[in-house]
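Visitor:
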Amino acid sequence: MNRQQLTLLSIVGIFVILLVARAFTGNGFGRIYVERGDASFVKVEVPVLDTPDGEEAEGKADGVRWTWVDASSDEAVDFAKAESPRAAWESVTPVSPRVYFEATIANEALQAAAETAYAGAMTGVDLGTALETWRLALLEKANAVAAGKAQPAVEVNWAALRTAGFTRKTSISAKAGGDFTASLDAIFDAARATGESDAETTFVVADGRGTVTTTADDVVPAIGLSWSRTIGLWLAAIFTLAIFSFLYKDNPLYKTAESVVVGVSAAYWMVIGLWDMIVPNLLGQLAPGFVQGNLIPGLAASDPNWAYLVPAIFGALLLMRLAPKGQYLSLWTLAFIVGTTAALRMVAYIEGDFLSQINATIAPLYQEVVNADGTVNGYSSFWASVRQITLVIGVLACLTYFFFSVEHKGAVGKVARVGIWFLMITFGAAFGFTVMGRIALLAARFEFLFDDWLWLIDPMNQRSAAVAVSCLF
Amino acid sequence: MNLIDRMANLDRRWIFLMMGLAVGIPIIVIGITGKTLPEEPTPLAQAAFDVLDDLEPGSRILMAWDFDPASEGELGPMATSFIRQCAQKGHRMYFIALWPVGAQMIRSSTSRVIGGYYPDLVYGEDWVDLGFKAGNEAVIKTIVTDFAQYFPTDARGTSVDAIPMMEGISSLANFDAIVNASAGYPGSKEWVLYAATPLKKPLIVGCTGVQAPQMYPYVPNQVQGLLGAIKGAAEYESVVNKWVRSEQMLDALESGGITEPASSELAARFAANPSEASTWTTEAAAAAMSPEAKTRLIELASAPTPGIFLEAQRRMGPQLVAHLLMIGLIIAGNAIFFATRRRGGSQ
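Chains as they are written, first to last, in the numbering used here: chain A, 11 to 483; chain B, 31 to 377.
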């Protein structure tokens, strides 16, 4: 390893160490946060209201159809039965880092506020009033601590409290004093003395919300870091840099990234082709009952369409290219593909490219542009006419350039020369557009690196500006 | 070795580094300051907007997203603005893709725009994701006459019979316009040849810079609106942003008691120059408006445009600097070439 390579390696190494160190301190960067929840669905029979008289649509037996609906939806309330099939799983929704940061700030504010002194009067009031007074006072304190950086919330889980035997109307008389946590305990101790409740109560803080409840285990933070998505983001960033590294010189990192792209793309194409084409459009036609029952429940059931055996056989023949013998059989399919594609394109190109373009070119050289009030707009008419004349001259000159039956000398040569100029201008415009496109793509990758990964900029307002800038230090 | 020789033999990696800085630094500056370059729409971008704007609310728009992440930087902002205009106007959107990864592009752009800014739109009634279908132009050729043959279900596996907005859709002829974001084959050219030309349907194309020169000959007879590369996207984005702000302020004015045609004139005026809104609310003409309506109007006028709807305009900053660098390099390259030739060097 020579001195230049050693220097380069040292610079890259220091950069990587600083990057990793920064990623794991403070708010870090390049993290993806999600909100976890429960998704619950139920299968219900929904009446089909718009089926025409005497007509039964396929899959809509007896004027009803089966469908999965959200378990909390109106359809579920109206049509779900105890024995209806149900499905539930954990839903994961990405949230912006700002949501997580604000929840963290609110959590800290609530915990700090709960440790401050509370001086509320709790003599001769009912439990509901005492808790509401306590709640509002804590919220005010927490808002003061958060200083507008977050919106903490405080709520009382009356459903859990009622289950534990607490009622709003219980008259209490407790000694005020101590901090908010101690005062809350005093309020409930007083309520227990007058009622029959005996469950442990607690104040739980999660997701920027403080909850007074008896079932602390039910309050779990829903907003948190998603390791799988964060690793995905870092991989995307590392692969981007690996591809960029080719600009310095070819290297194993670039080769690895290139190979991964090729492999993943091939696998993706295969899976997509199977599930979006072969299953619904081939198997769905040949064995609709099987496909509906096992693969795509939403597919309308119908009788098998045996005509689809023809494409199935042609498809199988195409795979014969992989067989050691009988490769010639794949040529039948290829011949069919080439023949139909040529026929399809010939018709479309004649209509769309050839005739339509001739039609668009054969237009009056003088183009009259009329204003909304019916008068002729001289300025616009002039430039529209210039455009049309230029178009006709360009077409004729370029056609002359490609007309090789006559030697390009004299007048023909001069016109052909004009054609070359038109072609060069066209190539220049095409080059300009290509450069613009490539720069836009580079800008998009840089935005990804600076915004999603390094958190240096925040154009989407996903994080507060203060957090974004603090990443630099 | 003198300066000319050094420049003539400059390692191309210095050019890469300069280009990286020319693109990277403006991104950071624009990202921190939030300032973008002003955009004036060309007739092509305006025409793209007008085609969708002239249709009645509730019109059926086929949105064909034929691109992948590799061209998302150019076409993503166009897709975002197309959806925003259709959603704001109240059109029904039917998303399809002829590229395998186009299905992900549909999910990405709909979740960002509809999920984030138009949550009231109902899936299956206001928009539907019909997903990817393999077959390239054969898909277009088939759905021109038989839509259900290629799309028996939507991307979620729901039968099209159970989707309310699919009622009455039997072929491409049932759509009022086609919007296509295209990165190559199959894409805008195929939509022109197999759908827009035979059906005489309005077609709006947003395409990459590489494709744009190929699409210009189709304007205006076969393609009614064309957005070429990021520049076209930025122009269209600015038109849509201004229009959406105008529409929102029109609602605020009318809810505050200002009637047509004054409300439309004022909304257009404030959209063009938002600072006028707060001044106008102090004038006698605004006396009829309630304080809440005035506050709402001022908020709408002064509210910053969400970053998602400024993507293309943000990317025009790096374009400017990178193009200046390229022009400089081309001039320098030619100067070095002629200087070398004069010295009798390489021809």
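Ideal Cβ positions, reconstructed from N, Cα and C, are used throughout, including at glycine.
(1) Applying a beta-carbon distance threshold of less than 7 Å, which residues of chain A neighbour B:P228?
(2) From what residue to what residue does the beta strand (DSSP E) around B:N210 run?
(3) Could you tell me which uninterrupted beta strand (DSSP E) segments, each at least 3 residues in length, are contained entirely in the segment 219-254 of chain A, listed from first to last along the chain?
(4) Give every residue of the same chain whose Cβ lies closer than 8 Å to the Cβ of A:R239, excluding the five residues on either side of it in the sequence, and list them in chain order.
(5) Looking only at DSSP bridge pairs, what is A:W76 linked to?
(6) In the DSSP output, what is A:F441 paired with across the bridge?
(7) If the cut is a Cβ gap below 9 Å, which residues of chain B does A:Y258 touch?
(8) Please look up how many angstroms separate the CB atoms of B:A259 and B:E69, rounded, as I've assumed it's under 8 Å.
(9) Quick check for students: name the residue ranges of the beta strand (DSSP E) that lie wholly in the segment 372-399 of chain A, counting only runs of 3 or more.
(10) Closer than 6 Å to a non-hydrogen atom of the ligand FAD - does that hold for the CB of A:Q295?
(11) Is it right to say B:A301 is buried, meaning 16 or more other beta carbons lie within 10 angstroms of its own, or is it exposed?
(12) Please confirm whether A:E142 has its beta-carbon closer than 7 Å to some beta-carbon of chain B.
(13) Spatial neighbours of B:L340 within its chain, please: C-beta separation below 8 Å, excluding the five flanking residues on both sides.
(14) From this set, B:I55, B:S294, B:L257, which residue's C-alpha is nearest A:F456's C-alpha?
(15) Out of A:R178, A:F176, A:D195, A:T177, which has the shortest C-alpha to C-alpha gap to A:K185?
(16) If we cut at 7 Å on Cβ distances, does A:E66 have a partner in chain B?
(17) Here's the rule I'm using: 16 or more other beta-carbon atoms within 10 Å means buried, otherwise exposed. How should A:G242 be labelled?
(18) Please classify B:G363: is it buried, with 16 or more other beta-carbons within 10 angstroms of its beta-carbon, or exposed?
(19) For a minimum of 3 consecutive residues, which ranges assigned as the beta strand (DSSP E) are wholly contained in the segment 118-156 of chain A?
(20) Give a yes or no on whether the minimum CB-CB distance between B:Y224 and chain A is below 7 Å.
(21) Since A:E457 meets chain B, which of its residues come closer than 7 Å, beta carbon to beta carbon?
(22) Tell me whether the beta-carbon of B:M93 lies closer than 7 Å to the beta-carbon of B:M123.
(23) Below 7 Å on C-beta distance, what does A:S366 contact in chain B?
(24) Taking B:S138 as the reference, give the member of B:Q118, B:D159, B:L151 with the closest Cα.
(25) Using a Cβ cut-off of 7 Å, pull out every chain A residue sitting near B:G217, in sequence order please.
(26) For B:V235, tell me which candidate among B:Y215, B:L256, B:K219 has the shortest Cα-Cα distance.
(27) Is B:M123 helix, strand or coil by DSSP?
(28) Could you check the C-alpha separation between B:L359 and A:S366 for me, to the nearest Å?
(29) Name the chain A residues that come within less than 8 Å of B:I91, Cβ to Cβ?
(30) Contact defined as beta carbons within less than 8 Å: I believe A:D286 pairs with B:F162. What is the distance between those atoms, to the nearest angstrom?
(31) Does B:E104 get closer than 7 Å to chain A when you measure Cβ to Cβ?
(32) Between the C-alpha atoms of A:E125 and B:P336, what's the straight-line distance to the nearest angstrom?
(33) So which residues of chain B does A:P374 contact, with C-beta pairs closer than 7 Å?
(34) Using the Cβ count rule (16 or more neighbours within 10 Å means buried), how would you classify A:E100?
(35) What would DSSP say about A:A49, mapped onto helix, strand or coil?
(36) Check whether the Cβ atoms of B:T311 and B:K324 lie closer than 7 Å to each other.
Guide: Looking at the atomic coordinates:
(1) E361
(2) 207-212
(3) 219-223, 233-235
(4) I42, V44, P104
(5) A:E55
(6) Answer is none; A:F441 lacks a bridge partner.
(7) Within 9 Å Cβ-Cβ: R43, F46.
(8) No, B:A259 and B:E69 are not in contact; Cβ-Cβ is about 13 Å, not under 8 Å.
(9) none
(10) In the structure shown, the ligand FAD is absent, as is every other ligand, since no ligand is present at all.
(11) buried
(12) With a threshold of 7 Å between beta carbons, A:E142 makes no contact with chain B.
(13) T66, E267, N271
(14) Selected option, being the one with the closest Cα: B:I55.
(15) A:D195
(16) Any reading at A:E66 needs caution, since the residue's pLDDT is 47, under 50, leaving its predicted position unreliable; the model's value is listed next. With 7 Å as the cut-off, A:E66 does not count as an interface residue toward chain B.
(17) exposed
(18) With fewer than 16 other Cβ atoms from the protein chains shown falling within 10 Å of its own Cβ, B:G363 counts as exposed.
(19) 133-136
(20) Interface residue, yes.
(21) I57
(22) Taking a C-beta distance under 7 Å as the contact criterion, B:M93 and B:M123 qualify as a contact pair.
(23) T227, N251, Q252
(24) B:D159
(25) Residues of chain A passing the Cβ test: none, with the nearest at roughly 14 Å.
(26) With distances taken between Cα atoms, B:V235 lies closest to B:L256.
(27) strand
(28) 41 Å
(29) Under the 8 Å cutoff, chain A gives no residues; its nearest Cβ is about 21 Å from B:I91.
(30) 5 Å
(31) So, interface residue.
(32) 39 Å
(33) Annotation: A:P374 has no Cβ neighbours in chain B at a cutoff of 7 Å; minimum Cβ distance is about 15 Å.
(34) By the 10 Å Cβ count, A:E100 comes out exposed.
(35) Collapsing the DSSP output to three states places A:A49 in a strand.
(36) For B:T311 and B:K324, yes; Cβs fall inside 7 Å.
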